[in-house]
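Q: Structure below; questions to follow.
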Amino acid sequence: MIKVSLIITVFNRKHLLRKALLSLRQQSELPDEIIISDDGSEEDILKGIADIVGQMHIPMKFVTQENKGFRLAKCRNNGVRISSGNFLIFMDQDLIQSKNYIKTFISNQKTKKFITSYPIRLSENQSLSITEKKIIDNDYINIITKAQTNKIKRQFLKDNFSSFLNKINLDKNKPKIRGGACAINRIDYEAVNGYDENFTSWGSEDDDMKRRLNKYGVSGINPFYNEYPLHLHHEPFHINGERNNKLYNDRRKTEIGKGEFYCRFGLFNPLGDDKIVVTELN
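The numbering used here applies: residue 77 is where the sequence shown begins, and numbers increase by one.
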C-alpha cells in the first residue's frame, strides 16, 4: 500500500508558500501527510501560513534548520527524516499545480522508477495575476498560453523518448530529476543515502541524485502530458546560473561512474551537527 509524503522546501517568501498550500487544497487527490522543510528562513513562516494550516485536514509538520546559506540538499533530507511515507513527492514552495497533479504522481508510482515533471514558468505579470482568491476559486488556468502548454507536451515526448533510450542503454543521462517537482520511492531514496549534503550552494544536487539513482538501477519517467506545475515568478537564488558546486560535482560524477552511488553525507549521516526543530502543525 502506498503512503504518500509530500515534502515542500521553503526559504522566506511565505507569500509563495501560501499559494502553494492553497493550490494543494484544490487537488483531486491529496498526500497522506505534508512536510514543510525550511532552510532557516528569517520570515515567520508558521505565522504566515497559520490560517491555511487550520483548514487542512491531513497531518502537517514543519522542520527547520539554522541558516548557514543555501542548503537545499540537507533541507530535503530533513523533510524525509521526519516523514513516514514510502512514496516521496518533492515540491518547491514556488509551485502551484493543476488539479490532478498529485494524482498523476500516485497513479504512476512504480518500483525502480523516479517520476519527474516539468513546470510552466509563468511571467511576472502572469504570476501577479494569480491571487489567492483565484487559486481558491480555481480561476487562473485561462492565463496559461497555448505555447506554454505545448512546451509541456513537447517535454513529455522528449522525456519519454529519453526513457526509451535509457531502457535500451543508449542514453543514461535523461530524463532529468527536477527536484522541486519529482517523486522517488523511499526505498530507492534510502538506498543512495538521499541527497548529497556536500552540495552547499545552488546547483547540481539534482543531477547528482539522478546519476546515483541511475547507477543503483532506478530510471526516470515523465507521465505529465495534461497535468503540470506552474512556477510562480520570483527573483532567482543564484547569479547568472553560476554553480559553485561544479568541482565537487565533476569529482562525484567520476566516482559515481565507478559505482559509488551512496553519498558520504546524506540522509543517514548528516553533514554537520546543527540541530533541527520539528513542529507538528495539526
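Don't be surprised by glycine CBs; every beta carbon is placed ideally from N, CA and C. Fair warning: this is a prediction, and the values are worked out from it, not measured in the lab.
(1) Grouping DSSP H, G and I as helix and E and B as strand, with all else coil, what is T207?
(2) I'd like the ranges of any beta strand (DSSP E) spanning at least 3 consecutive residues and lying wholly in the stretch 257–340.
(3) Excluding the 5 residues preceding and the 5 following S295 in the sequence, name in chain order all residues of the same chain whose CB lies nearer than 6 Å to its CB.
(4) State the Cα-Cα distance for the pair Y194 and L308, rounded to the nearest angstrom.
(5) Determine whether the beta carbon atoms of N358 and V86 lie at a separation below 8 Å.
(6) Using only the alpha-carbon positions, how far apart do T207 and L171 sit?
(7) Let me know if G161 comes out buried or exposed under the rule of 16 or more other beta-carbons within 10 Å of its beta-carbon.
(8) Does the count of Cβ pairs from the stretch 207–225 and the stretch 144–159 closer than 8 Å reach three?
(9) Go ahead and label D326 buried or exposed: buried means 16 or more other beta carbons lie within 10 angstroms of its beta carbon, across all protein chains shown.
(10) Spell out the partners DSSP gives I84 in its beta bridges.
(11) Pick out whichever of N345, E303, S280 has its Cα sitting closest to the Cα of N320.
(12) With DSSP as the reference, label I125 as helix, strand or coil.
(13) Can you give me the C-alpha to C-alpha distance between C339 and I297, rounded to a whole angstrom?
(14) Based on the DSSP output, what are the partners of I172 in its beta bridges?
A: According to the structure shown:
(1) It is coil, neither helix nor strand.
(2) If only complete runs of 3 or more residues are kept, the stretch 257–340 shows the beta strand (DSSP E) at 257–261, 295–297, 305–307, in order along the chain.
(3) Spatial neighbours of S295 in its own chain (CB-CB distance under 6 Å, excluding positions within 5 residues in sequence) are listed in chain order as N242.
(4) Distance between the alpha carbons of Y194 and L308: 13 Å.
(5) No. Outside cutoff.
(6) A straight line joining the alpha-carbon of T207 with that of L171 spans about 14 Å.
(7) By the neighbour-count rule (16 or more Cβ atoms within 10 Å), G161 is buried.
(8) Inter-segment contact for the stretch 207–225 and the stretch 144–159 is absent: fewer than three beta-carbon pairs are separated by less than 8 Å.
(9) Taking all protein chains in view, the Cβ of D326 is surrounded by fewer than 16 other Cβ atoms within 10 Å, so the residue is classified as exposed.
(10) Beta-bridge pairing links I84 to I112, M167.
(11) Checked all of N345, E303, S280; the closest Cα to N320 is S280.
(12) Residue state for I125 is assigned as helix, using DSSP reduced to three classes.
(13) About 23 Å.
(14) Under DSSP, I172 shares a beta bridge with L306.
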